[in-house]
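Below is one structure; the comments refer to it alone.
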Amino acid sequence: MPPDLEDIELKVKTISKRNPAYTEIVQWVGDLLSETVKASDSEEFNLPELNVDQEDLRKACTQGRSFLNPEELALDWEKVSALYKRLVELVGKREDGRRQAEGLLKAIEEKRNGTPAVVKAALASNYEAIEASAKAFNIDAPVLALLLHLSLRPSLLLIAQAVLEHLDLSLWNHGHCPVCGSAPRLADLSGEGGKRRLHCSLCETAWSYPRLRCPFCENDNRKELSYLRAEKEEGLRVDLCGRCNNYLKTMDLREIAGPIILPLDDVATWHLDIIAGKNLEDKGKVLLRAT
Ligand SMILES: [Zn+2]
Ligand SMILES: [Zn+2]
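Using my numbering, the first residue of the sequence shown is number 54, and each one after it goes up by one.
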């Protein structure tokens, strides 16, 4: 079940307590996220038709083909755009929000075949295109990316839930999302021995994946896998791969309260992105061997 308003409120409080520096930003993202949950409760986001052939699906799972290509999804753009505009209104109420709000509205005006080009870029995880658009309209790229993700979220979560009814996740052992093919954005460890699950950056589907394997390049050479911990923070770490130079933020749910709520947990671990970025610039440092 996707998180409800109470789950969001609780998560915002937990994060603020764990790391007070994030209080203001998680409160704000929590408000935006709550708006998307209210929208999905009150309006019917239509589910596009899903073609399900069980035999083909089984084959696709073993070959690592995800169920759908998000760029080809026929979503209800009017509803997605209406939610985006509501979120922009909330942004406009913030200090310095009016300037951002104007640019954010302009950013979705450019359309290709009836779909805003930046929405397509968000579906394709094309962050460069989002950054270019943010620059053109003088807005902050992370804010544009967040608003695009949040306005697509109700539709994508609905689709992911429907798809998961047909998928046997035990057949899936790849590093990209079984539903939409996007890369993971976070991982968690839970249960005895700390089994790892990855969380999709786009549709937020979670699936199991071996701990000692890089989900981006499938490297399982232990000598090239390492991790870093944030100082004085139990349960948070960044897993790094020395072969492809990608990293993944990891939350140990045996030490930190779950469940993961991706838009909030992602924002509340920005310092890990910074640590990982610095580490990649500063290669050759001795790292902790992955376990
Ligand atoms: Zn996905
Ligand atoms: Zn790798």
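Idealized CB from N, CA, C, for every residue including glycine.
Residue nearest to residue i in terms of C-alpha spacing, selected from the options
i	options	result
residue 237	256, 219, 245, 224	256
residue 218	110, 84, 98	110
residue 253	210, 247, 181, 204	210
residue 261	270, 138, 225	225
residue 212	70, 120, 314, 330	120
residue 307	247, 231, 292, 112	247
residue 199	294, 239, 172	172
residue 57	264, 286, 93	93
residue 83	100, 63, 96	63
residue 162	186, 69, 216, 180	186
residue 117	232, 130, 69, 313	232
residue 357	250, 313, 153	No information on residue 357 is available, as it lies outside the stretch 54 to 344 that the chain covers here.
residue 102	291, 169, 108, 126	126
residue 330	291, 312, 320	291
Check: residue i C-beta below 7 angstroms from any heavy atom of ligand 2
i	result
residue 269	yes
residue 179	no
residue 299	yes
residue 274	no
residue 307	no
residue 296	yes
Contact set for residue i: own chain, Cβ-Cβ below 7 angstroms, skip 5 residues either direction
i	result
residue 339	Confidence is the limiting factor: at residue 339 the pLDDT is only 48, short of 50, which leaves the residue's position unreliable and the question unanswerable from this model.
residue 86	61, 203, 316, 317
residue 324	283
residue 364	No answer is possible for residue 364: the residues shown for the chain start at 54 and end at 344.
residue 221	114
residue 132	96, 98
residue 76	69
Distance, residue j Cα to residue i Cα
i	j	result
residue 164	residue 277	43 angstroms
residue 281	residue 302	10 angstroms
residue 275	residue 265	7 angstroms
residue 286	residue 305	11 angstroms
residue 223	residue 150	45 angstroms
residue 263	residue 239	14 angstroms
residue 279	residue 228	17 angstroms
residue 322	residue 216	29 angstroms
residue 267	residue 206	26 angstroms
Contact test: residue i Cβ vs ligand 1 heavy atom, cutoff 7 angstroms
i	result
residue 186	no
residue 114	no
residue 235	yes
residue 255	yes
residue 232	yes
residue 258	yes
Neighbourhood of residue i by C-beta, 8 angstroms cutoff - its chain only, sequence neighbours within 5 removed
i	result
residue 177	123, 124
residue 183	171, 174, 175, 194, 197, 198, 201
residue 298	333
heavy atom of ligand 4 below 7 angstroms from residue i C-beta
i	result
residue 226	Judged by which ligands are present, ligand 4 is missing from the structure shown, whose ligands are ligand 1 and ligand 2.
Beta-bridge partners of residue i, as assigned by DSSP
i	result
residue 260	251
residue 304	241, 289
residue 205	DSSP, once it has assigned bridges, lists no residue as partnering residue 205.
residue 159	BP columns for residue 159 are empty, so no partner.
residue 165	168
Own chain partners of residue i with C-beta closer than 6 angstroms, once the 5 adjacent residues on each side are dropped
i	result
residue 128	208
residue 67	310
residue 295	277
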